[in-house]
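A.B. asks:
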Amino acid sequence: PVLTIIMGASMLLQQKMSPPMGDPTQAKMMMFMPLIFTVIFINFSSGLVLYWLVNNVLSIAQQYYIQKKFA
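Quick note on numbering: the sequence shown equals residues 2 to 72 in the working numbering.
#1: Nearest by alpha-carbon distance to Q68: which of S19, M34, V55 is it?
#2: According to DSSP, simplified to helix, strand and coil, what is A1?
#3: Tell me which residue opens and which closes the alpha helix (DSSP H) that M12 is part of.
#4: Please name the residue in L13, M8, V58, V3 whose C-alpha comes closest to that of F33.
#5: Quick one: is S47 buried, meaning 16 or more other Cβ sit within 10 Å of its Cβ, or exposed?
Here is the structure:
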């Protein structure tokens with residue numbers, strides 16, 4: 002469960018770093034996605050959770066690089 006919680010936190014960070022959405026309702030729904038995925042992934046195998054976590058970390062690094070380079 003610890004890896005799943007870390008994965009959920011990384012998803013939340015990734016959502017916060019994303020550009021804001023135009024529709025406020027959709028933005029609120031997207032902020033609940035990390036919580037929903039954390040609950041769903043709690044019973045999945047750790048390999049899948051690890052894959053998703055690594056993907057989130059790489060996406061966060063990519064977004065950080067793009068924001069620093071072009072902002």
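We put the beta carbon where it would ideally sit given N, CA and C, even for glycine.
C.D. replies: From the atom records:
#1: It is S19.
#2: Past the boundaries of the shown model lies residue 1; the chain is included only from 2 to 72, so the question cannot be answered.
#3: Segment 3 to 18, the alpha helix (DSSP H) holding M12.
#4: Ranking the options by Cα distance to F33, first place goes to L13.
#5: Per the 10 Å Cβ criterion, exposed.
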